[in-house]
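*Asks:* Residue numbers (the numbering used here): 5 to 576.
Even glycine gets a Cβ: it sits at the ideal position worked out from N, Cα and C.
All values derive from a computational prediction rather than experimental measurement.
Dropping a structure here in structure tokens format, bear with me for questions.
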């Protein structure tokens, strides 16, 4: 890897090309910036948006009277007192604008009687979630944005570039260094502003609904550049992720609308309903909160009342095929192709890591604490507090993506570049010589990290488990990562990328574990078995940043707004 480097220049660099990244690129370009949109996979084909197959929460009010403040009330209620109210208000207030703009771009939102059809989802007081068709909302959103990116002047798309470091000079982010996955060369990119939109971190867990991109890269890049992170302890576990039988080509979290629309019965291994034993009402309808449902399933498994594959049963055997087809149409045929007949036997489900409420700390313009650096989508932390309201994920991607791109474009004044600023990051790439020896491999170490996170920093946590996890993660950082050499992969640099992926994963895992250890209560998605109660004195956010290469954690007041306190829920 000694070939001459490639150097690129742009006004705005967008890292990550899922829904948030593509919207950021579009917004930056229409605000006069030249944009470089890059991704380590294909543009618009990676990330979480294209995998999202459900609904989008937005107060368009086309079928049921609604207002963005009502959406905000539900969002804050789900967030258990920790939502950044300014960010949450932006999400809910600007959501209708983004959905209407996507409608103009022919996304194809499902309509009924000439209006966007809206349906219920857990945690909402009224039906407000729009969709394209069952299991196709995310792909339709991604396709719409890919088309719009292609038609927008000023956007240059580059695939197969993996950003390894943000370049900081004179206290300002000046661009990035990336790895060319096709040839192994270092690529330097000078930029007036950088938007991080490379998604979340749920790939760090053994059972997850994530794409291979979701390994915490955005958080690690921001941290190493000097920006702060917020609420890293809050990882959302979707309670009824598919477990068995084998399901090919379908979303593992697809059972959510089946359950709340048709009243799927959640049963333990003895075919008994059990949610009521854990302080919630269910009775065949999807009324129990996600965190309570996840906890209940976990405890039933722990008590020896698991289904055969270690989860719970979800049964629709009380429904006939006509009812199922009327609700979900051709999806029933896709299930049949997987050997699943819901009228004849239950499927098995279990909690699965699904989303991250924490992330990069930003202000209302999506600017981070480091000048020149912005964030969008799931890379942003704070808006969802301790637990995300169902349907807010795509809304967040679109709203925060648009704002990040717009404000990043407006902030560009110069593209100062000094080769010396990038020298160390370039050396980090060039010094990773492929080695087919007997040292630790990426698969071995990443697999162990996933196990540690699942077993000790997962759904139910204790102080002892978190201490053990933190010790092992730090040992992997100091001992195992330096000894891991990239495996040769021919003309591609996949082995080198894996080294940087592991570095980012370990850094992000450390922030989650440290924050979870320091939050000595249970709240929302953070559940401590040794400290099961919520402590109102801990109604604060936790921020983490690097100080002299050591993580520093501090508690900060939740950002609230007087307008929301006075007007919340009071709109006509």
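Would you give the residue range spanned by the beta strand (DSSP E) that residue 192 belongs to?
*Replies:* Where residue 192 is concerned, the enclosing beta strand (DSSP E) stretches over 190 to 200.
*Asks:* For residue 437, count the other beta carbons within 10 Å of its own beta carbon; 16 or more makes it buried, fewer makes it exposed. Which is it?
*Replies:* Exposed: under 16 other Cβ atoms inside 10 Å.
*Asks:* Considering residue 161, what are the terminal residues of the alpha helix (DSSP H) in which it resides?
*Replies:* Premise fails: residue 161 lies in the beta strand (DSSP E), 159 to 163, not in any alpha helix (DSSP H).
*Asks:* Determine the DSSP secondary structure at residue 379, reduced to helix, strand or coil.
*Replies:* It is a strand residue.
*Asks:* Could you check if residue 145 is buried or exposed, using at least 16 other CB atoms within 10 Å of its CB as the buried criterion?
*Replies:* Classification of residue 145: buried, given that the 10 Å Cβ count is 16 or more.
*Asks:* Residue 14 bridges to which residues according to DSSP?
*Replies:* Residue 14 pairs with 195.
*Asks:* List the whole-angstrom C-beta distance separating residue 66 from residue 563, where the pair is believed to meet the contact cut-off of C-beta under 8 Å.
*Replies:* With a Cβ gap of about 31 Å, residue 66 and residue 563 do not count as contacting.
*Asks:* Under DSSP, the beta strand (DSSP E) around residue 278 begins and ends at which residues?
*Replies:* Taken as a continuous stretch (DSSP letters only), residue 278 belongs to no beta strand (DSSP E), as it is neither H nor E.
*Asks:* Count the CB pairs spanning the region 411 to 421 and the region 28 to 39 that are closer than 8 Å, and state whether there are at least three.
*Replies:* The region 411 to 421 is in contact with the region 28 to 39.
*Asks:* How about residue 470 and residue 298: are their beta carbons less than 7 Å apart?
*Replies:* Cβ atoms of residue 470 and residue 298: not closer than 7 Å.
*Asks:* Let me know the alpha helix (DSSP H) ranges lying completely inside the region 497 to 546, each 4 residues or longer, listed in chain order.
*Replies:* Runs of the alpha helix (DSSP H) inside the region 497 to 546: 498 to 522.
*Asks:* At which residues does the beta strand (DSSP E) containing residue 122 begin and terminate?
*Replies:* No beta strand (DSSP E) holds residue 122; DSSP gives it neither H nor E.
*Asks:* According to DSSP, is residue 136 helix, strand or coil?
*Replies:* Looking at residue 136 - three-state DSSP - the assignment turns out to be coil, as it is neither helix nor strand.
*Asks:* Residue range of the beta strand (DSSP E) that residue 241 falls in?
*Replies:* Segment 239 to 248, the beta strand (DSSP E) holding residue 241.
*Asks:* Whose C-beta lies closer than 6 Å to the C-beta of residue 570 among residues of the same chain, with five residues either side of it excluded?
*Replies:* Caution is warranted here: a pLDDT of 48 is assigned to residue 570, below 50, making its placement in the model unreliable, and no coordinate value can be reported.
*Asks:* What residue from 135, 130, 166 and 393 has the CA that sits closest to residue 44's CA?
*Replies:* Looking at the Cα atoms, 166 is the closest of the given residues.
*Asks:* So, helix, strand or coil for residue 359, using DSSP?
*Replies:* Strand, per DSSP.
*Asks:* How close, in whole Å, do the beta carbons of residue 59 and residue 395 come, if the pair is a contact with beta carbons under 8 Å?
*Replies:* So it is a contact: roughly 5 Å between Cβ atoms.
*Asks:* Let me check one thing: in DSSP terms, what residues is residue 234 bridge-paired to?
*Replies:* BP columns for residue 234 point to 363 and 547.
*Asks:* Starting from the Cα of residue 452, find the closest Cα among 257, 209, 539 and 69 and give me that residue.
*Replies:* That would be 209, whose Cα lies nearest to the Cα of residue 452.
*Asks:* Kindly indicate the opening and closing residues of the beta strand (DSSP E) around residue 40.
*Replies:* Unbroken beta strand (DSSP E) run through residue 40: 39 to 43.
*Asks:* Quick one: what's got a C-beta closer than 8 Å to residue 525's C-beta in the same chain, skipping five residues either side?
*Replies:* 532, 535, 537, 538, 539 and 542.
*Asks:* When we look at the beta-carbon of residue 80 and count the other beta-carbons within 10 Å, is it buried (16 or more) or exposed?
*Replies:* By the 10 Å Cβ count, residue 80 comes out buried.
*Asks:* Since residue 364 contacts residue 226 with CB under 8 Å, what's their CB separation in whole angstroms?
*Replies:* Rounded, the Cβ-Cβ distance is 5 Å, consistent with contact.
*Asks:* Using only alpha-carbon positions, find the residue among 457, 390, 483 and 459 that is nearest to residue 85.
*Replies:* Checked all of 457, 390, 483 and 459; the closest Cα to residue 85 is 390.
*Asks:* May I have the straight-line CA-CA distance separating residue 177 from residue 230, to the nearest angstrom?
*Replies:* Spanning the two alpha carbons is a distance of roughly 9 Å.
*Asks:* Distance, Cα to Cα, residue 158 vs residue 196?
*Replies:* The straight-line gap from Cα to Cα measures roughly 15 Å.
*Asks:* To the nearest angstrom, report how far apart residue 135 and residue 141 are at their CA atoms.
*Replies:* Their backbone Cα atoms lie some 6 Å apart in a straight line.
*Asks:* For residue 488, is the classification buried or exposed, using 16 other Cβ atoms within 10 angstroms of its Cβ as the cut-off for buried?
*Replies:* By the neighbour-count rule (16 or more Cβ atoms within 10 Å), residue 488 is buried.
*Asks:* For a test of the three-state rule: what should DSSP assign to residue 337, helix, strand or coil?
*Replies:* Here residue 337 sits in helix by DSSP.
*Asks:* State the Cα-Cα distance for the pair residue 249 and residue 92, rounded to the nearest angstrom.
*Replies:* Going from the Cα of residue 249 to the Cα of residue 92 covers about 38 Å.
*Asks:* If you follow the beta strand (DSSP E) that residue 181 is part of, which residue opens it and which one closes it?
*Replies:* Run containing residue 181: 176 to 184, per the beta strand (DSSP E) assignment.
*Asks:* Could you spell out where the alpha helix (DSSP H) holding residue 98 opens and where it closes?
*Replies:* Residue 98 -> alpha helix (DSSP H) spans 89 to 108.
*Asks:* Are residue 381 and residue 362 close, meaning C-beta to C-beta below 7 Å?
*Replies:* No, the pair does not count as a contact, with Cβ atoms beyond the cut-off.
*Asks:* Whose C-beta lies closer than 7 Å to the C-beta of residue 107 among residues of the same chain, with five residues either side of it excluded?
*Replies:* For residue 107, where only same-chain residues beyond five positions count, the Cβ hits under 7 Å are 113.
*Asks:* Around the C-beta of residue 119, are 16 or more other C-beta atoms found within 10 angstroms, so that it is buried, or is it exposed?
*Replies:* Residue 119 is exposed by the Cβ-count criterion.
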